[in-house]
Ligand code: FES
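Residue numbers (the working numbering): 11 to 347.
In structure tokens form, the structure reads like this:
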């Protein structure tokens, strides 16, 4: 038995099979709803079910829920539904593809971070928006998600920043051992963490660890296209080594001297190693930000960090609809990175 799901205020309707979430059914039908983790943690998929019976829909991502919203990645239909997601759009047909990729290089950028450069076959180009992610398809059917760190024009391959998750089979064992010429199968592009360009407000980016990757893609893309918006970037890491792409930031600052960069270190390290900001990145924001009302805010990192940043900027007057996030959530034995 399948159920019909209609989006309120439109003639868009799609079918949900038993056991599939509303989000998965929408994506399978070419309807993009906001999402990130698909595990009930990030809260990006919050939306309302206006009519019809459902099961599920709850999780830690419900913290920011309004008006009885549910997590559509955790909601299953038990009958025909009328829904009101926070936003939606039709995805382009054939926009998502599976590609074979070869490892071009594998560099240990920090104690627990590998930077993987993958290259597609000659003549193959990937289509993605700056900020989106791909999924590595593992031989046993599992998937691991990683944001593209390169800009979309640079599309004969992808650059991934992979954090080694303690105990994670793929990120801690497989990735560090990958060598030039090794092959991976990837599906892209996923996610809707991308720059909104319907205004020219100042931009506040907040990255935690390898949450820097999609922000790097967005900034590389913006600077290449000559997008003129004020940019502030906070990047939180446990130790100075965790700020593993200082060269990219220095490059941006050479081109945009007014770009404000605030690195923040959370672990105690001695003064000879670090003379910059200390503490958690959301605490630094709280200290610095009198008002967030003029910004569009983009945050990417672990769910707790993204939630904390959201709390600070909303408390400082940011309208909720101008907060955009991508949460990296642990899988069964690995984390998205
Ligand atoms: S909580 Fe649903 S996509 Fe993250």
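Heads up, the beta-carbon is just placed ideally off N, CA and C, and yes, glycines get one too.
Host beta strand (DSSP E) of residue 157 (start-end): 153-157 is the span of the beta strand (DSSP E), which, as asked, contains residue 157.
Proximity test, residue 337 beta-carbon vs the ligand FES heavy atom, cut-off 8 Å: yes
Status (buried if at least 16 other CB within 10 Å, exposed otherwise) for residue 6: Outside the modelled stretch of the chain, which goes from 11 to 347, sits residue 6, for which no answer is possible.
Helix, strand or coil at residue 122 [DSSP, three-state]: Three-state DSSP puts residue 122 in coil, outside helix and strand.
Through-space distance from residue 11 to residue 144, alpha-carbon basis: 32 Å
9 Å Cβ cutoff met for residue 234 and residue 171: no
Host alpha helix (DSSP H) of residue 321 (start-end): 313-325
Residues near residue 230 by beta carbon distance below 6 Å, same chain, minus five either side: 161
Cβ pair count under 8 Å reaching 3, the segment 110-122 against the segment 74-85: No, the segment 110-122 does not touch the segment 74-85.
Assumed close pair residue 271, residue 263 - CB separation to whole angstroms, cut-off 8 Å: Contact between residue 271 and residue 263 holds: CB atoms are separated by about 7 Å, below the 8 Å threshold.
Segments of 3+ residues assigned as beta strand (DSSP E) that fall wholly inside the segment 236-311: 241-247, 270-275 and 306-311
Beta-carbon gap between residue 308 and residue 205 smaller than 9 Å: yes
Whole-angstrom distance between residue 42 and residue 253, CA atom to CA atom: 33 Å
Assigned exposure category for residue 65 - 16 Cβ within 10 Å defines buried: That one is exposed.
Own chain partners of residue 182 with C-beta closer than 7 Å, once the 5 adjacent residues on each side are dropped: 174, 175 and 176
Identity of the residues DSSP links to residue 128 by a beta bridge: 113 and 168
Nearest-residue set for the ligand FES, Cβ under 7 Å from any heavy atom: 33, 45, 46, 47, 48, 49, 50, 51, 52, 53, 54, 55, 69, 71, 81, 82, 83, 84 and 337
Three or more C-beta pairs below 8 Å linking the segment 47-65 and the segment 119-128: no
Identity of the residues DSSP links to residue 206 by a beta bridge: Answer is none; residue 206 lacks a bridge partner.
Residues of its chain near residue 191, where Cβ-Cβ distance is below 8 Å and the 5 sequence neighbours each way are ignored: 112 and 113
Cα-Cα separation between residue 242 and residue 108, rounded to whole angstroms: 35 Å
Alpha-carbon to alpha-carbon, residue 280 and residue 346: Residue confidence is low: residue 346 scores 42 on pLDDT, short of 50, so the model does not pin down where it sits. Its coordinate-derived value is still stated next. Between residue 346 and residue 280, the alpha-carbon positions lie close to 31 Å from each other.
Residue span of the alpha helix (DSSP H) that contains residue 36, given as start and end: Residue 36 -> alpha helix (DSSP H) spans 32-38.
Euclidean distance between Cα positions of residue 295 and residue 322: One alpha carbon belongs to residue 295, the other to residue 322, and they sit about 7 Å apart.
Closest residue to residue 330 among 339, 338, 317 and 337 (Cα-Cα distance): 317
Contact check, residue 305 vs residue 213, beta carbons under 9 Å: yes
Proximal residues to residue 21 (C-beta, below 8 Å), its chain only, five neighbours per side dropped: None.
Whole-angstrom distance between residue 58 and residue 8, CA atom to CA atom: Lying before the first or after the last residue shown, residue 8 is absent from the chain, which here runs from 11 to 347.
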